[in-house]
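Number of protein chains: 2
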Amino acid sequence: MQNQPVIILSHPQLGQNIGAAARVVRNFGITEMRLIAPRDGWPNPDATAMAAGAFGKMEPVRVFDTAADAFTDLQYVLAVTARLRDMEKPVFGLSGAMGKINEMAAKGARTGLLFGPEASGLDNAEVALCQGILTYDVDAEFSSLNLAQAIGVAVSHWRTLCVSETTETQWQSESPLASSADLDGMMGHLQDELTRARFFYPPEKTELMMQNLRNMFMRADLTHQEVQTFRGVIKALARFRGQSKPD
Amino acid sequence: MQNQPVIILSHPQLGQNIGAAARVVRNFGITEMRLIAPRDGWPNPDATAMAAGAFGKMEPVRVFDTAADAFTDLQYVLAVTARLRDMEKPVFGLSGAMGKINEMAAKGARTGLLFGPEASGLDNAEVALCQGILTYDVDAEFSSLNLAQAIGVAVSHWRTLCVSETTETQWQSESPLASSADLDGMMGHLQDELTRARFFYPPEKTELMMQNLRNMFMRADLTHQEVQTFRGVIKALARFRGQSKPD
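Going down the list, the protein sequences come from chains A and B. Under this note's numbering, the first residue of the first sequence carries the number 22, and numbering increases by one thereafter. Under this note's numbering, the first residue of the second sequence carries the number 22, and numbering increases by one thereafter.
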């Protein structure tokens, strides 16, 4: 089905959960699932046993080492996490998240939903790579969902809100959205130039400051063309610096 | 929680599914579950093992011999079934069903959702006792849901559509959003530096290029703090330029 989000499981532990996830993902018409560093390797017989044949009716599951690798061809990924994090990112409930997924897909974005491992959930570095956060409104006194159930909740809401009763949103840009690779390139370029300009002080703050800048740019849903434009800006601002003496 | 539907499992076979169902039912704030003639009796240790403590945080599960017995204090029950049946009953999708549950609860009805056994689904006599039918929009080529997943789909949609607020996107920044003056100041600063760097060529394009850059930043909904940070970036990138010779 066109415009479906890719379902991405980071460091899943139990094959049973991967298999149960594949079954419900396929039930609701989604055909692409990715794994980041599954604990017990891949393929996994426990997953196959629980999937009720789902793997035979979807694209081959692709396995990646890191979230950055898994995201390279995606433009809009939401991290599904219960814990609120101190990040400058939008936080959606289920309806809002699916509305946004639908909007971004209508703009031509490939979208994804990222789920963390059973015991510990997503780590902050992974959440930082996502454009936003999806948090479920669960009962505060009993909030821990099974991983495959959490995935079932997301994909069934996607189906209900984006397929069964979709209202198409139109986008009026002729340039495609920037890929993760575009954004990575731009952020690397910016970090190089800022490092040369001794912007990061003390140097330990580099990672946090780059994360904050990245969050800012991610929220803008940049197009490919805008990334090119902004790289021109960085280049122009920095252009004569290498030829001068520092003060 | 008031006005919640009672979750009723008819002739469930596997204790694991009953336990997994209880867990997700409780996750979404529902505290009453009933069983009709569970195959392996009740209580069931497999159910307890899968429930992650849910049974201790809900009303005791009540067991009945027949659907009619289980329904005596309920006024509005929907049968959740994939198969269309030749019955004069309304058939709802998830949104419609939850809207109806909400409406009936607001009228003072006690409501319920009835789920059939894993292998065979509900029989016609049980469906006949219900006020309507809830059918999920699943993929026709892979339509068989796990029982606990089917229950998770229903209760999460109930929560989303009947409990959570409809405008649910939150924002978790502690810094206030940037004012127009903040943004004007930043764009002016950027334009000055880019002009010095001879970025605008030909000069007639200045206005259009600044408009494009401004659109980009506006979409990011910058905070006051982020505008400050970005002005630091502009300053750092441009810092030595004034002291050097153009090439």
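For glycine and all other residues, C-beta sits at the position ideal for the given N, C-alpha and C.
| query | result |
| --- | --- |
| 9 Å Cβ cutoff, residue 55 of chain B in contact with chain A | no |
| Residue 196 of chain B burial status per 10 Å Cβ neighbour count (16 or more: buried) | exposed |
| Residues in the segment 203-220 of chain A having any Cβ partner in chain B nearer than 7 Å | 214, 215, 218 and 220 |
| Alpha carbon of residue 210 of chain B to alpha carbon of residue 81 of chain A, nearest angstrom | 50 Å |
| When B:125, B:163, B:127 and B:167 are compared against residue 142 of chain B, the one with the closest alpha-carbon | B:167 |
| Per-residue DSSP class, three states only, for residue 87 of chain B | coil |
| Separation of residue 181 of chain A from residue 146 of chain B, as counted between CA atoms | 29 Å |
| Every unbroken alpha helix (DSSP H) inside the segment 202-258 of chain B [4 residues or more] | 227-240 |
| Residue 162 of chain B beta carbon less than 9 Å from that of residue 33 of chain B | no |
| Cβ contact (3+ pairs, closer than 8 Å) linking the segment 30-49 of chain B and the segment 65-85 of chain B | yes |
| Cβ neighbour criterion (16 or more within 10 Å) applied to residue 204 of chain A | buried |
| Chain-ordered chain B contacts of residue 181 of chain A [CB-CB under 8 Å] | 114, 115, 116, 158 and 178 |
| Boundaries (first-last residue) of the alpha helix (DSSP H) holding residue 116 of chain A | 115-127 |
| Contact under 9 Å by Cβ, residue 86 of chain B with residue 131 of chain B | no |
| CB contact below 9 Å: residue 250 of chain A versus chain B | yes |
| Whole-angstrom distance between residue 206 of chain A and residue 202 of chain B, CA atom to CA atom | 31 Å |
| Pair within 9 Å by beta-carbon distance, residue 254 of chain B and residue 234 of chain A | yes |
| Neighbour list for residue 127 of chain A in chain B, Cβ cutoff strictly below 7 Å | None at all; the shortest Cβ gap to chain B is about 16 Å. |
| Check whether residue 115 of chain B and residue 175 of chain B have beta carbons under 9 Å apart | yes |
| Short CB-CB distance (under 9 Å) between residue 247 of chain A and chain B | yes |
| Collapsed DSSP secondary structure at residue 39 of chain A in the structure displayed | helix |
| Partner residues on chain A for residue 61 of chain B, Cβ-Cβ distance less than 8 Å | Those within 8 Å of residue 61 of chain B in chain A number zero; the least Cβ separation is about 20 Å. |
| Residue 27 of chain A at chain B interface by Cβ criterion, 9 Å | no |
| Spatial distance of residue 117 of chain B from residue 27 of chain B (CA atoms) | 18 Å |
| Contact residues within the segment 75-90 of chain A, judged by C-beta distance below 9 Å to chain B | 75, 78 and 79 |
| Per-residue burial, residue 121 of chain A [other beta carbons within 10 Å of its own, 16 or more giving buried] | buried |
| Between the CA atoms of residue 59 of chain A and residue 136 of chain B - distance to the nearest angstrom | 33 Å |
| Assigned exposure category for residue 224 of chain B - 16 Cβ within 10 Å defines buried | exposed |
| With 16 other Cβ atoms within 10 Å as the buried cut-off, status of residue 232 of chain B | exposed |
| Rounded straight-line distance, which links the Cα of residue 247 of chain A to that of residue 219 of chain B | 19 Å |
| DSSP bridge partner residues for residue 101 of chain B (one or two, in chain order) | B:136 and B:155 |
| Residue 198 of chain B at chain A interface by Cβ criterion, 9 Å | no |
| is_contact[residue 255 of chain A, chain B] using C-beta, thresh 9 Å | yes |
| Short Cβ contact (9 Å threshold) for residue 155 of chain A with residue 101 of chain A | yes |
| Those residues which DSSP pairs with residue 29 of chain A across a bridge | A:55 and A:135 |
| N-terminal and C-terminal residue of the alpha helix (DSSP H) that residue 147 of chain A is part of | 145-149 |
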